[in-house]
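Protein chains in written order, with my numbering: chain D, 9 to 354; chain L, 9 to 354; chain E, 9 to 354; chain Z, 9 to 354. To start, the structure under review is shown below, and the notes come after it.
There are 4 protein chains.
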Amino acid sequence: MLRVGIIGASGYTGVELTRILSGHPECELTVVTSRQYAGKALSSVFPSLRQRVDLVCEAPELDQIMGKADFFFTAVPHKTAMDIVPALLDAGKKVVDLSADFRLHDAKVYEQWYQAHSCPDLLQEAVYGLPELYRAQVAQTALTANPGCYPTSVILGLAPLLREQLIDPKTLIIDSKSGTSGAGRTASMGTLFCEVADGFRAYNVGGSHRHIPEMEQELTTLSGEAVTISFTPHLLPISRGILSTMYASLSENCDMKAIQSLYEQTYADEPFVRVLPAGTLPATQYVRGSNCCDIGLQQDQRTGRIIAISAIDNIAKGAAGQAVQNMNLMNGFPETTALMGAPFFP
Amino acid sequence: MLRVGIIGASGYTGVELTRILSGHPECELTVVTSRQYAGKALSSVFPSLRQRVDLVCEAPELDQIMGKADFFFTAVPHKTAMDIVPALLDAGKKVVDLSADFRLHDAKVYEQWYQAHSCPDLLQEAVYGLPELYRAQVAQTALTANPGCYPTSVILGLAPLLREQLIDPKTLIIDSKSGTSGAGRTASMGTLFCEVADGFRAYNVGGSHRHIPEMEQELTTLSGEAVTISFTPHLLPISRGILSTMYASLSENCDMKAIQSLYEQTYADEPFVRVLPAGTLPATQYVRGSNCCDIGLQQDQRTGRIIAISAIDNIAKGAAGQAVQNMNLMNGFPETTALMGAPFFP
Amino acid sequence: MLRVGIIGASGYTGVELTRILSGHPECELTVVTSRQYAGKALSSVFPSLRQRVDLVCEAPELDQIMGKADFFFTAVPHKTAMDIVPALLDAGKKVVDLSADFRLHDAKVYEQWYQAHSCPDLLQEAVYGLPELYRAQVAQTALTANPGCYPTSVILGLAPLLREQLIDPKTLIIDSKSGTSGAGRTASMGTLFCEVADGFRAYNVGGSHRHIPEMEQELTTLSGEAVTISFTPHLLPISRGILSTMYASLSENCDMKAIQSLYEQTYADEPFVRVLPAGTLPATQYVRGSNCCDIGLQQDQRTGRIIAISAIDNIAKGAAGQAVQNMNLMNGFPETTALMGAPFFP
Amino acid sequence: MLRVGIIGASGYTGVELTRILSGHPECELTVVTSRQYAGKALSSVFPSLRQRVDLVCEAPELDQIMGKADFFFTAVPHKTAMDIVPALLDAGKKVVDLSADFRLHDAKVYEQWYQAHSCPDLLQEAVYGLPELYRAQVAQTALTANPGCYPTSVILGLAPLLREQLIDPKTLIIDSKSGTSGAGRTASMGTLFCEVADGFRAYNVGGSHRHIPEMEQELTTLSGEAVTISFTPHLLPISRGILSTMYASLSENCDMKAIQSLYEQTYADEPFVRVLPAGTLPATQYVRGSNCCDIGLQQDQRTGRIIAISAIDNIAKGAAGQAVQNMNLMNGFPETTALMGAPFFP
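The following block contains the structure:
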């Protein structure tokens, strides 16, 4: 039985991690921390967990919690993560970090989008935890950088096209829409019910969202040439779900049947990527509460473009679900353990 | 491995049954029927099930499907159910019926609220499938009548009070609110998104809802005297969830601490009933997607009333979850099998 | 042209007042205050108002703003209101106060539910601003206490029954459900989108909601005997709307046709109260954005009770709309000015 | 007083037209038709209209209704419209048609996307009713083709860029998101509450949506060269609102300050187009229930693209509101009559 801890358990990612782990037969959640709720039962912070999870939040004092688990999820803001992770690794723990702190390989890029990095050496050690691309590496590492929610939807949706040079990367436009849980559980006027419900808006328009360097890093690796994207995130009046609509000009002589087939083959053995039949499109409500990523493809013959659309649950495959998938790989558990539940619909 | 069939799989109860059963280690879903979608993959009817459930809908021809399973859920409208169930029982199958056809013990009452009953003898054999009240009987029967969604929330919420004569049954007023999935998946103007969203209304006001006789039957049994209730259902702009707010005058000299304690004791060993700490109240979002029933109690000292509030997920504990709980009991599986997942929040 | 000011314009009541006043031909909004947004354009606080309202928020310094308007709406929290209103009245201004500070006639009752009252004398001068009950008095006063949202829906829904002694007041149970705008625009974890959406809960159960004394004061006046109610508020996942479901035992020999007729006569000349035809029930989506209060009645013959259901928009007839209705009366404008717009549906 | 009729009043456009017209001082709604609800009060079809609109639906028999109004809105499906409009014009009526039947100038294009056109001559007479482009022509015509909802948001959002050749039209990608009222009020499984709520999806992907030729016609006219667009519509879980996110490569040496300024000048005198300050972005909740179109602009310096974002209420500026705006122009009323109400927020 693997003893598992969550550092930063009082956010939406924390409660989803807890929910998934409560059904995991190979591990036991032994410690959860929350600065704000230290001393309170986690099930009073999240009443959904009553009689399912019986842990009291502890203050995030590494000395106190280090001995209580062998594996840690760090679900804290960027910057805070890099203050914690090195000590965990030094103590021989394995870690899945859900912040942005170890996703970028290049410290300069990190510093350009965030701030100075306090442990740039670890950037080389950390594995980008998208198992569909880096399964073998994740299985070997002690530190997995769990991908961002938008990047997960985008990279899975585009990987085959870029790897096979089927599109012109310079034409890539990515229009993404996310549920509000992505904004976190902190009191804020902008995400009050009455501000979000019955409405829709874009934000961070024009190339300023911090998930951009992460996407470009991976898309560049896939493509073999430098990829620069236009990326626009939007806020949906739903709790869970991301849908990314991705546009690119097809290279000459591309055949949609071949592309459809390429996607089906690429993901044939992937338990969590579902390539939809030609003519079918994904919807966030069909992946809700699951670790699935659904992908649909459509050609626009009039303009020579392809439109790839992917849907995930942003706090499952986009965060907590993928984190458990990585934990499974890092510990030699079957990769799908505790993650094969069908999506919740309706 | 128990072979299980669902007759009437294309409604919201059907998809939830399928989702739950897909994670059940002791049974295999072997046949699903749908008159409307016969010949189509169930996963094309409910894309959430893609790559999780690999069954094609069959026409509901008993001859064709009878041999394919040993246990059946009948999730068809009332009247249709009583045309099917006797043949299934005659063939030696066990059945959980999710319609209203076998919930009432008295054929006359049934006829008063529905229509003539074609197999009144079965009314005596059928067990009312609320395990918290009839666990032993469910374990012995071949036919369980799965309770209605409103009655599940109401009976669990009131049972201790009535059994111990702590309230005056004549003063019982039940104000219930249900998510829209209770209205089914049939095309209808009244449950279009734009008719329901950002709105709220009562319906079947004044004693006309067909769940009333079912509630009164069980509340009368609990109380020992005839109970007649005022019951008002409302339609919530959410997909899943029922919250019932129940009012009654307390008998003299009642002590809330004792009542709280009574509830805690009554449900102490129940895996799916969570009595909330005094001063805490349930919310549908904390039971969403689970088989839990949360109950909170509050006294109104100014008027001498007690207010009991219960919350369930109407298609889980209110339908499919409870049906699987009954199936577990009828087949000697641990009662909680496939049902202990924590609720989905957010 | 009446010069009008809003003290406390940055909440949901403030923006609705501003919207309504922007279409009022007899008055001009000349000053708006907001402690938090002083110096900012109101249309930057509420982008919906861009190019429709061209005012900059001022700090709530009475000296500075007093001369800029002849009529004031005070839309500030209780306690703050009673610090401001006397000075406005002393300066000869007329005021509609939207807080609770002047609704209760009895300072002792006020102190029991709130805190000490700093100007109890004004409690006798202030008129309870429900025009359907106190039209003449509102027209004569300089200080109108705008009713609470719940009380507006409840008092209008019950007035004829109580005035004519058609129900037993001791049996009154009021189950109300409100949209989330009632919780205000202040950052708060409990009203974040993800905490409210797709969910439903009760709050302040058991006789603790501060609107109770206000309802009881008016219901007692109508009834002629002391009325004590059970009142349970709930939080709906919608922005606007209150639906109150009210239960009471009918006096003997009551005839529903006569009651229906009584309601129709009582409200025949009321421009904002719509008594629905027998058999028809209100819904919040049919009053959204309007100053209407819809009322439906239904008998429960099985239990001898009547169920009266009323629906309002909590920030229109429940706050800003009614406040403008009172302003119209206090200034001799036609009562319906700027308020006759049909509800927004869908 | 202009006598006005609505042919096809029982849809969401019909109820919004009725709501707006009920506040219009220069016209009187004298006849409404509905095949389905003939003989029923319109206020029983839409209870929001109770005591605000007192008309009974009539069957759409032109002989019967022709004499009852001088001006008609035809809010019927395409194909049905072209069967009705010629007769109305022959009888000397003026018409705003809200279908697609008269929006395209070229009958061949119409036939390619719809079916054969029965009165192609009228295509030359009809004016495309986007007042911001064709104000003078609308004022002179007897037949205005009211633009589609998506095209209204797109054309207003792009007009200055195309007219001034500031973007490369070949790079135009339009990602639009619409509220569910656009799908109409007909019973349908796909737009049930539980299918739409808490979800998001694309539809008609790959160049198949019928609003494409209408957009291309107008964008081509503006640009002076043939424009072919990629257009992807999505379904939002809200009732009202369209947000269009539009991407294009900027021509060389474009300056964002100049572009911002160009938009502000272009729309300076337009009462319903609000160009947002630089750095500010639109949201559907800030135009809800109004005739406004909000536009925000942002450069993506990393890719040389501009992102223009526009928001409208799809049944107001996207349908009924714009139709009344056109009616005002066609009858010499001030263009803004009955349309200057501020948006509803929250």
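Beta carbons: idealized from backbone N, C-alpha and C, even for Gly.
Which partner residues does residue i have in the DSSP bridge list?
i: K102 (chain E); result: E:F79
i: L151 (chain Z); result: Z:V103
i: P241 (chain Z); result: Z:S184
i: Y136 (chain L); result: L:A153
i: A66 (chain L); result: Here residue 66 (chain L) turns out to be Glu, not Ala, going by the sequence shown. Paired residue(s): L:T41.
i: A291 (chain Z); result: D:R209
Can you pull the chain Z residues whose beta carbon is under 7 angstroms from the beta carbon of residue i, in chain order?
i: Q59 (chain E); result: R282
i: C202 (chain D); result: P354
i: L244 (chain D); result: F208
i: S56 (chain E); result: Y294, A350, P351, F353
In this structure, how does DSSP classify residue i when only helix, strand and coil are distinguished?
i: T38 (chain D); result: strand
i: A316 (chain D); result: strand
i: C301 (chain Z); result: strand
i: L50 (chain Z); result: helix
i: Q306 (chain D); result: strand
i: S56 (chain E); result: helix
i: L284 (chain D); result: coil
i: R209 (chain D); result: strand
i: S259 (chain D); result: coil
i: G349 (chain Z); result: coil
i: T311 (chain E); result: coil
i: T344 (chain D); result: coil
i: T253 (chain Z); result: strand
i: I14 (chain E); result: strand
My assumption, with CB atoms under 8 angstroms, is that residue i sits in contact with residue j. Please give the rounded CB distance.
i: I315 (chain D); j: Y255 (chain D); result: 6 angstroms
i: L151 (chain E); j: V64 (chain E); result: Contact flag wrong, Cβ pair sits at about 28 angstroms.
i: A83 (chain Z); j: I28 (chain Z); result: Not quite, the Cβ-Cβ distance comes to about 13 angstroms (not below 8 angstroms), so this is no contact.
i: A331 (chain Z); j: F81 (chain Z); result: 6 angstroms
i: M223 (chain E); j: V162 (chain E); result: 5 angstroms
i: L174 (chain E); j: S259 (chain E); result: 5 angstroms
i: F79 (chain L); j: L10 (chain L); result: 6 angstroms
i: T26 (chain D); j: L50 (chain D); result: 7 angstroms
i: V204 (chain L); j: F201 (chain Z); result: 4 angstroms
List the residues of chain D that residue i touches, going by C-beta distances under 9 angstroms, in chain order.
i: A210 (chain Z); result: L251, T253, L289, P290, A291, G304, Q306, I315, I317
i: S161 (chain Z); result: The premise fails here: S161 (chain Z) is roughly 12 angstroms from chain D at the closest Cβ pair, so nothing lies under 9 angstroms.
Can you pull the chain L neighbours of residue i, defined as C-beta to C-beta under 7 angstroms?
i: D183 (chain E); result: D183, T253
i: S196 (chain Z); result: A195
Quick one: which chain L residues come within Cβ less than 9 angstroms of residue i?
i: Q309 (chain E); result: G214, G215
Below 9 angstroms on C-beta distance, what does residue i contact in chain E?
i: T188 (chain D); result: L200, F201, C202, A205
Give the interface partners of residue i over in chain D, defined as CB-CB distance under 7 angstroms, in chain order.
i: S30 (chain L); result: A350
Residues of chain E with CB under 7 angstroms from residue i, in chain order?
i: V23 (chain Z); result: F353
Check the Cβ of residue i against every Cβ in chain E and list those closer than 8 angstroms, keeping chain order.
i: S247 (chain D); result: F201, C202, A205, D206
Consider the Cβ of residue i: report whether some Cβ of chain B lies at a distance smaller than 7 angstroms.
i: T228 (chain Z); result: Among the chains of the structure shown, chain B does not appear; the protein chains present are D, L, E and Z.
Given 8 angstroms as the limit, is there contact between the region 245 to 260 of chain L and the region 170 to 186 of chain L, that is, 3 or more CB pairs closer than that?
-> Because the criterion of three Cβ pairs below 8 angstroms is met, the region 245 to 260 of chain L and the region 170 to 186 of chain L touch.
With a cut-off of 8 angstroms, do at least 3 Cβ pairs link the region 320 to 331 of chain D to the region 285 to 304 of chain D?
-> A contact exists between the region 320 to 331 of chain D and the region 285 to 304 of chain D.
Using 8 angstroms as the threshold, is the region 45 to 59 of chain D in touch with the region 19 to 36 of chain D, meaning 3 or more CB pairs across them?
-> Taking 8 angstroms as the limit for Cβ pairs, the verdict is that the region 19 to 36 of chain D does touch the region 45 to 59 of chain D.
At a cut of 8 angstroms, does the region 231 to 246 of chain E reach the region 186 to 201 of chain E through at least three beta carbon pairs?
-> Three or more Cβ pairs closer than 8 angstroms define a contact, and the region 231 to 246 of chain E meets that threshold against the region 186 to 201 of chain E.
Taking contact to mean at least 3 C-beta pairs separated by less than 8 angstroms, is the region 93 to 107 of chain E in contact with the region 141 to 155 of chain E?
-> Per the Cβ contact rule, the region 93 to 107 of chain E is in contact with the region 141 to 155 of chain E (3 or more Cβ pairs under 8 angstroms).
Can you find at least 3 beta carbon pairs, one from the region 114 to 124 of chain E and one from the region 204 to 223 of chain E, that sit closer than 8 angstroms?
-> In this structure the region 114 to 124 of chain E lies against the region 204 to 223 of chain E, because at least three pairs of beta carbons, one per stretch, are closer than 8 angstroms.
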